[in-house]
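Before any comments, here is the structure.
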Amino acid sequence: MRGYLALTPDELAQLLGDGEISIDTAFVPTGQFKSSNPELGEEESEYILSLLAAEDSISYQGDSAKFSFALAVDLEPTQIGEASEVEVNLTSPIKFSQADCLFVGDAKADDGELTWYAAQEIAIQLPNWLVS
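Going by the working numbering, the first residue of the sequence shown is number 1, and it counts up by one from there.
Quick look at the structure:
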């Protein structure tokens, strides 16, 4: 199942350095989300979920946020715990090998614009996002 993780730049650095990270929740197209939004296609659902993760990323960073981050990962069934409307609890760490791509937004913009980066590009771009 595809999930979207709200991360901070430091958490991205930890994921790259350690190869895995423990995160409490992921945004996913739960059964409740799908039944509440039957008109949405897969692409529209994934866009909404990535935006929700990006918004949480900003809230985790506080006033110092310059970018928002939503990491798209392929979750194993054994990693998925209790579900709410759009989130699931994660029962084990996420490995970097599960990352598909990263969506990055401007934390000060309200346009819903996210830039896509392949997982292989994260390490190259990370220094640009680790701004103090």
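Where a beta carbon is used, it is the ideal one built from N, C-alpha and C, also for glycine.
As the structure is a prediction and not an experimental result, all values here were calculated from the model.
Check: Among the residues of its own chain, which have a CB less than 6 Å from the CB of L102, if the five just before and after it don't count?
Finding: In the sequence shown, the residue the question calls residue 102 occupies position 102. Cβ within range, chain order: L71, Y117 and I122.
Note to self: To the nearest angstrom, how far is the alpha carbon of K34 from that of R2?
What the structure shows: Translated into positions along the sequence shown, residue 34 becomes position 34. Translated into positions along the sequence shown, residue 2 becomes position 2. Going by the C-alpha atoms only, they are around 14 Å apart.
Next item on the list: Go ahead and label A109 buried or exposed: buried means 16 or more other beta carbons lie within 10 angstroms of its beta carbon, across all protein chains shown.
Entry: Walking along the sequence shown from the start, residue 109 turns up at place 109. Burial is judged here by how many other beta carbons sit within 10 angstroms of a residue's own beta carbon; A109 has fewer than 16 and is exposed.
Checklist line | Span separating the alpha-carbon of I80 from that of Y47 | finding: On the sequence shown, position 80 is the one that residue 80 refers to. On the sequence shown, position 47 is the one that residue 47 refers to. Between the alpha carbons of I80 and Y47 lies a distance of about 20 Å.
Notebook entry, point to check: What are the start and end residues of the alpha helix (DSSP H) that includes A13?
Noted result: Walking along the sequence shown from the start, residue 13 turns up at place 13. Per DSSP, A13 is one residue of the alpha helix (DSSP H) stretching across P9 to D18.
Note to self: Can you give me the C-alpha to C-alpha distance between T25 and A119, rounded to a whole angstrom?
What the structure shows: Position 25 of the sequence shown, counted from the first residue, corresponds to residue 25. Position 119 of the sequence shown, counted from the first residue, corresponds to residue 119. One Cα belongs to T25, the other to A119, and the distance between them is close to 20 Å.
Check: Using the C-alpha atoms, what's the distance from D74 back to Q61?
Finding: Against the sequence shown, residue 61 aligns to sequence position 61. Against the sequence shown, residue 74 aligns to sequence position 74. Computed Cα separation, rounded: 24 Å.
Checklist line | D106 in three-state terms, based on DSSP | finding: The residue given as residue 106 occupies position 106 in the sequence shown. If DSSP states are grouped into helix, strand and coil, D106 belongs with the strands.
Notebook entry, point to check: How long is the line joining the alpha carbons of P9 and F69, rounded to whole angstroms?
Noted result: The count along the sequence shown starts at 1 and reaches residue 9 at position 9. The count along the sequence shown starts at 1 and reaches residue 69 at position 69. Distance between the alpha carbons of P9 and F69 is about 8 Å.
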